[in-house]
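To keep things clear, I will list the structure first and then write my remarks on it.
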Amino acid sequence: MKRKSENGLDNRALSPGKKLCKGSEYNRTLGPCVPSPTTTFGDLRNGKPGQGRRRRIPSVAPPPELQDWLRTFQRWSGPEKLLALDELIDRCEPSQIKYMMQVIEPQFQRDFISLLPKELALYVLSFLEPRDLLRAAQTCRYWRVLAEDNLLWREKCREEGIEEPLNLRKRRLLSPGFMYSPWKFAFMRQHKIDMNWRSGDLRAPKVLKGHDDHVITCLQFCGNRIVSGSDDNTLKVWSAVTGECVQTLVGHTGGVWSSQMRDNIVISGSTDRTLKVWNADTGECVHTLYGHTSTVRCMHLHGSRVVSGSRDATLRLWDIETGQCLHVLMGHVAAVRCVQYDGHKVVSGAYDYTVKVWDPESESC
Numbered sequence: 024m025k026r027k028s029e030n031g032l033d034n035r036a037l038s039p040g041k042k043l044c045k046g047s048e049y050n051r052t053l054g055p056c057v058p059s060p061t062t063t064f065g066d067l068r069n070g071k072p073g074q075g076r077r078r079r080i081p082s083v084a085p086p087p088e089l090q091d092w093l094r095t096f097q098r099w100s101g102p103e104k105l106l107a108l109d110e111l112i113d114r115c116e117p118s119q120i121k122y123m124m125q126v127i128e129p130q131f132q133r134d135f136i137s138l139l140p141k142e143l144a145l146y147v148l149s150f151l152e153p154r155d156l157l158r159a160a161q162t163c164r165y166w167r168v169l170a171e172d173n174l175l176w177r178e179k180c181r182e183e184g185i186e187e188p189l190n191l192r193k194r195r196l197l198s199p200g201f202m203y204s205p206w207k208f209a210f211m212r213q214h215k216i217d218m219n220w221r222s223g224d225l226r227a228p229k230v231l232k233g234h235d236d237h238v239i240t241c242l243q244f245c246g247n248r249i250v251s252g253s254d255d256n257t258l259k260v261w262s263a264v265t266g267e268c269v270q271t272l273v274g275h276t277g278g279v280w281s282s283q284m285r286d287n288i289v290i291s292g293s294t295d296r297t298l299k300v301w302n303a304d305t306g307e308c309v310h311t312l313y314g315h316t317s318t319v320r321c322m323h324l325h326g327s328r329v330v331s332g333s334r335d336a337t338l339r340l341w342d343i344e345t346g347q348c349l350h351v352l353m354g355h356v357a358a359v360r361c362v363q364y365d366g367h368k369v370v371s372g373a374y375d376y377t378v379k380v381w382d383p384e385s386e387s388c
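Offset between the sequence shown (1-based) and the numbering used here: plus 23.
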């Protein structure tokens with residue numbers, strides 16, 4: 024029984040003629056998918072077309088009929104040559120087949136992509152799946168340049184229905200010689216989202232219950248700790264890992280409306296007009312800071328100092344280590360709603376529609 028060609032047809036039934044390459048726009052340039060009559064496998068094996076063949080088995084003289092057979096072979100059509108090769112293979116011994124493989128296989132290990140013009144190389148790579156493009160990018164520097172091509176990935180995005188990325192115009196260098204591809208980034212991002220939806224290890228969210236039906240008015244996160252303040256007059260310290268409440272800070276006589284946290288220090292402000300400094304490890308109240316005449320609505324911690332803003336329209340700068348009020352900033356005519364402190368300047372916003380920048384040391388705006 025004779026072998027069949029890759030398309031499943033018996034080679035004897037093939038009609039004369041040459042099959043064109045896939046892709047009509049390239050057929051006009053490349054022509055048939057067969058070597059030019061002036062270029063043979065022997066030319067490729069020797070390195071340059073047109074050069075004489077070198078004998079590979081010098082100890083054996085070629086039979087006199089060989090040249091006649093080769094000339095006859097060259098006159099045959101493509102299907103006839105395939106049929107002749109098919110018959111020849113059937114008559115070869117295993118050692119001879121092994122020799123043919125040793126001769127032929129290295130020719131298919133050549134980097135033919137690098138020999139093509141860039142446009143044709145990109146056309147060839149466009150038939151690869153995205154995962155294969157990523158593997159191809161690891162072959163060599165030039166293949167990486169091709170596999171990172173933005174237009175190549177734009178086509179992959181079009182096939183998947185991915186819309187134009189917002190950062191399309193923001194090109195940046197990844198490393199010398201390589202450009203950032205926004206279309207590739209968009210494709211990889213969408214692929215990651217799809218994979219997470221299909222097979223991602225999604226964990227159920229942790230629900231931290233402890234303040235019952237009371238409003239959570241403020242929240243801070245530091246390391247593996249979370250501190251929450253509530254209008255139930257308490258703060259709770261939670262483990263972000265286990266979701267368990269590790270401390271309940273009790274001491275305020277009014278709702279807690281503001282808080283700050285750093286390491287094991289928690290500072291809270293309340294409708295009872297005080298600030299409290301807590302040790303989150305022990306739950307102990309270290310200091311109670313008196314001075315405001317209304318709710319402490321906001322605060323900001325920097326180093327060992329905290330600035331608090333109140334509905335009494337003032338701000339106060341405190342030392343949390345000593346519990347002393349260092350400065351009072353007066354100038355707003357309505358409740359202070361937000362504040363920031365960088366160690367040198369204080370910036371505050373209030374219900375009087377103004378933002379003020381303060382020098383806390385001179386207490387001047």
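Using N, Cα and C, we set each Cβ at its ideal position, and we do this for glycine too.
Between E171 and K215, the C-beta gap is not smaller than 8 Å, which leaves the two residues out of contact. When DSSP states are grouped into helix, strand and coil, V83 belongs to the coil group. Rounded to the nearest angstrom, the Cβ distance from Q363 to H323 is 5 Å, consistent with a contact under 8 Å. Apart from sequence neighbours up to five positions away, the residues of its chain that approach H275 with a beta-carbon distance below 6 Å are N256, S293 and D295, ordered along the chain.
When DSSP states are grouped into helix, strand and coil, T95 belongs to the helix group. In this structure, the straight-line span from the alpha carbon of I239 to that of T345 is close to 29 Å. Ranked by Cα distance from G252, the first of H237, G266, G246 and A263 is H237. Each residue's CA atom was taken as its position, placing S204 and N173 some 5 Å apart. With respect to the 8 Å criterion, N287 and A263 are not classified as neighbours on the basis of their beta carbons. Here G332 is buried, its C-beta having at least 16 other C-beta atoms within 10 Å.
DSSP places R226 in no beta strand (DSSP E); its state is neither H nor E.
In the three-state reduction of the DSSP assignment, L143 falls in the helix class. In the DSSP assignment, A373 falls within the unbroken beta strand (DSSP E) covering V369 to A373.
If you look at N173, you'll find it in the alpha helix (DSSP H) that goes N173 to E183.
The shortest C-alpha to C-alpha distance from T337 to any of W381, C308 and V300 is the one to W381. A straight line joining the alpha-carbon of W261 with that of R181 spans about 46 Å.
The residue from H355, E386, T271 and V168 with its alpha-carbon nearest to that of H234 is T271. Under the three-state reduction of DSSP output, Y376 falls in the coil class, being neither helix nor strand. Closest by C-alpha distance to T297, out of K229, S100, D304 and R320, is R320. If you ignore the 5 residues before and after H350, its C-beta comes within less than 6 Å of the C-beta of L340, P383 and E386, all in its own chain and listed in chain order. A distance of 8 Å or more separates the beta carbons of V330 and I343.
Contact between V273 and S282 fails: their C-beta atoms lie close to 14 Å from each other, not under 8 Å. With fewer than 16 other Cβ atoms inside 10 Å of its own Cβ, Q161 counts as exposed. Close CB contacts of A107 within its chain, under the 8 Å cut and outside five residues either way in sequence, are with F96 and W99 (chain order). In this structure, the beta-carbon distance from L169 to L151 does not fall below 8 Å.
Spanning the alpha carbons of Q119 and S149 requires a straight line of approximately 38 Å.
Judged by DSSP in its simplified three-state form, Q90 adopts helix.
A straight line joining the alpha-carbon of G326 with that of E267 spans about 28 Å. Between the alpha carbons of T265 and G306 lies a gap of roughly 19 Å.
Inclusion of R360 and Y374 in the CB contact set at 8 Å is warranted, their separation being smaller than that value.
Take the alpha-carbon of V370 and the one of A303: they are about 28 Å apart. When the Cα atoms are used, Q130 and D217 turn out to be separated by approximately 40 Å. Membership of L338 in the beta strand (DSSP E) is indicated by the continuous run T337 to D342. When secondary structure is reduced to three states using DSSP, S137 falls in the helix class.
Runs of the beta strand (DSSP E) lying entirely within the region 237-280, each at least 3 residues long, are 239-245, 248-253, 257-262 and 268-273 in chain order.
Leaving aside the five residues that flank E183 on each side, the residues in its chain whose CB is nearer than 8 Å to its CB run, in chain order, F210 and Q213.
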